[in-house]
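Note sheet for the following structure.
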Amino acid sequence: MDKMYIKDLEIYANHGVFQEEKTLGQRFLISLELSINLREAGTTDDITKTVHYGDLCNLVEKEFKKESYDLLEKATEKLAEIILLKYDLVQRAKVTIKKPWAPIGKPLRYAAVEIDRSWHTSYIGVGGNMGDKQKNIEMALELISNSYHTKIIKKSKLYKTKPVGYLNQDDFLNGAIEIKTLLSPLELVRFLLSIEKELKRERVIRWGPRTVDLDVLLYDDVISSIDEIILPHPRMQERMFVLEPLCEIAPYIIHPILNKTISQMKKEIKA
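Take a look at the structure:
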């Protein structure tokens with residue numbers, strides 16, 4: 000991936016734990032490293048195919064001075080976030096903020112914080128079998144789309160499927176979506192759980208009836224075994240109601256443990 004750099008942009012702002020820092024302000028030096036595909040800009044000489052340095056610096060200055068934060072960590076996080084949200088071309092933003100006048104009573108060149116953030120691709124299984132099933136799923140997708148940190152890129156059609164595990168319940172509607180998100184895997188799971196809760200999902204019977212179900216199937220190539228987020232989803236390769244809609248939108252995505260495409264796994268279940 001190509002890179003764009005801004006080095007030591009000087010901004011006077013009012014961040015810090017001490018009241019004097021908030022009142023008097025101080026000098027900060029901000030550096031950016033953006034990962035961006037510059038091929039089209041390089042071949043066409045078209046400024047709309049890249050990020051304008053001047054616009055970027057003006058945005059950073061405006062956002063950095065908009066609020067006063069206690070922690071450099073918070074200010075750095077917000078800058079990385081606003082850059083990724085503002086510029087669709089930017090896939091990754093590394094932001095470093097130096098504080099040359101850090102009030103710690105020791106001789107030093109500066110104190111600094113560096114944060115590295117990027118967009119992530121995740122695939123989510125969606126489903127439900129209570130009430131107005133299609134409406135519940137549509138409401139869940141709308142809540143995802145309305146968040147500032149997560150965008151739906153693709154969505155499958157909805158498939159009518161028989162229940163698995165606990166059979167004494169209505170048929171399901173199941174689908175899959177591809178998203179890009181700024182959230183970590185754990186943050187994403189908690190975000191989806193909050194949507195389930197808002198739509199009155201209750202976990203009473205394992206594999207039982209539910210208004211809406213939102214499962215993280217894949218997140219980049221991440222492999223995780225912590226209780227709250229197991230990645231890839233541990234049973235996705237066994238479930239046609241997961242693989243069929245997922246194969247519709249991402250047939251050639253490779254399972255990072257099984258090293259098989261979604262299409263291959265679907266064929267194996269059918270065989």
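Residue numbers (numbering that gives the first Met the number 0): 0 to 270.
C-beta atoms are modelled at their ideal positions from N, C-alpha and C, and glycine is treated no differently.
Computed from a prediction, not measured in an experiment: that's the story for all the values here.
Based on Cα-Cα distance, which residue from VAL241, ILE225, ASP220, GLY41 lies nearest to VAL188?
Comparing Cα-Cα distances from VAL188 to each of VAL241, ILE225, ASP220, GLY41, the minimum goes to ILE225.
Just to confirm the assignment, what range does the alpha helix (DSSP H) spanning VAL188 have?
Element bounds for VAL188: 184-197.
Buried or exposed: TRP100, going by 16 or more other Cβ atoms within 10 Å of its Cβ?
When all chains shown are included, TRP100 counts as exposed.
DSSP three-state call for TYR218: helix, strand or coil?
Reduced to three states, the DSSP call for TYR218 is strand.
Secondary structure at VAL203, three-state DSSP: helix, strand or coil?
At VAL203, the pLDDT of 48 sits below 50, so the modelled position is not reliable; the number obtained from the coordinates is stated separately. The answer is coil: DSSP assigns VAL203 none of H, G, I, E or B.
Hey, how far is the Cα of LEU157 from the Cα of LEU83?
About 31 Å.
By Cβ distance, which residues of its chain are closer than 8 Å to GLU197, with the 5 residues on each side in sequence left out?
Cβ neighbours of GLU197 beyond the five flanking positions: LEU142.
Less than 8 Å between C-beta atoms, sequence neighbours within five positions excluded: which residues of the same chain meet that for GLU76?
Same-chain partners within the cutoff: ILE114, ARG116.
Buried or exposed: THR18, going by 16 or more other Cβ atoms within 10 Å of its Cβ?
It should be noted that the sequence gives Gln, not Thr, for residue 18. Exposed, since its Cβ has fewer than 16 Cβ neighbours within 10 Å.
Please report the straight-line C-alpha distance between GLU243 and LYS265, rounded to a whole angstrom.
Each residue's alpha carbon lies about 7 Å from the other.
So ASN135 packs on GLY124, CB below 8 Å; how close in whole Å?
Between GLY124 and ASN135 the Cβ distance is about 14 Å, and since that is not below 8 Å, they are no contact.
Out of PRO255, VAL221, LYS269, point me to the one whose CA is closest to GLU237's CA.
Cα-wise, what sits closest to GLU237 is LYS269.
Can SER155 and ILE176 be called in contact, C-beta distance under 9 Å?
Contact: yes.
List the DSSP bridge partners of SER34.
Bridge partners of SER34: LYS2, ARG91.
ASP1 to SER34, Cα distance in whole Å?
Going by the C-alpha atoms only, they are around 6 Å apart.
Give the C-beta separation of PRO228 and LEU185 to the nearest angstrom, bearing in mind that I take them to be a contact with Cβ-Cβ under 8 Å.
Position check: residue 228 holds Ile in this sequence, whereas Pro was assumed. So it is a contact: roughly 5 Å between Cβ atoms.
Can you tell me whether DSSP reads PHE240 as helix, strand or coil?
It is helical.
Tell me whether the region 34-48 and the region 96-111 touch, counting them as touching only if at least three CB pairs, one residue from each stretch, are closer than 8 Å.
Result no; under three Cβ-Cβ pairs closer than 8 Å.
Whose CA, out of HIS119, ILE29, LEU88, lies closest to the CA of ILE10?
For the residues HIS119, ILE29, LEU88, the minimum Cα distance to ILE10 belongs to ILE29.
Hey, does ILE222 have any beta-carbon neighbour from chain D nearer than 9 Å?
The chain inventory of the structure shown lacks chain D, comprising one protein chain alone.
Counting C-beta neighbours from all protein chains within 10 Å, is the total for HIS14 16 or more, i.e. buried, or is it exposed?
Buried: at least 16 other Cβ atoms inside 10 Å.
Using beta-carbon positions only, say whether ALA12 and SER67 come within less than 9 Å of one another.
Yes, the pair counts as a contact, with Cβ atoms nearer than the cut-off.
Looking at the structure shown, is SER224 part of a helix, part of a strand, or coil, going by DSSP?
Three-state result, SER224: strand.
Assuming ILE252 contacts THR260 under a Cβ cut-off of 8 Å, what Cβ separation, rounded to an integer in Å, is found between them?
Right, their Cβ atoms sit about 7 Å apart.
Do LEU71 and ILE96 have their CB atoms nearer than 9 Å?
Yes.
Pop quiz: THR160 and PHE240 are said to be a contact at Cβ under 8 Å. What is the actual Cβ separation, rounded to whole angstroms?
The pair is a contact, with the Cβ atoms about 4 Å apart (cut-off 8 Å).
Check for me: the beta strand (DSSP E) holding THR47 runs from which residue to which?
Note, THR47: premise wrong, no beta strand (DSSP E); not H, not E.
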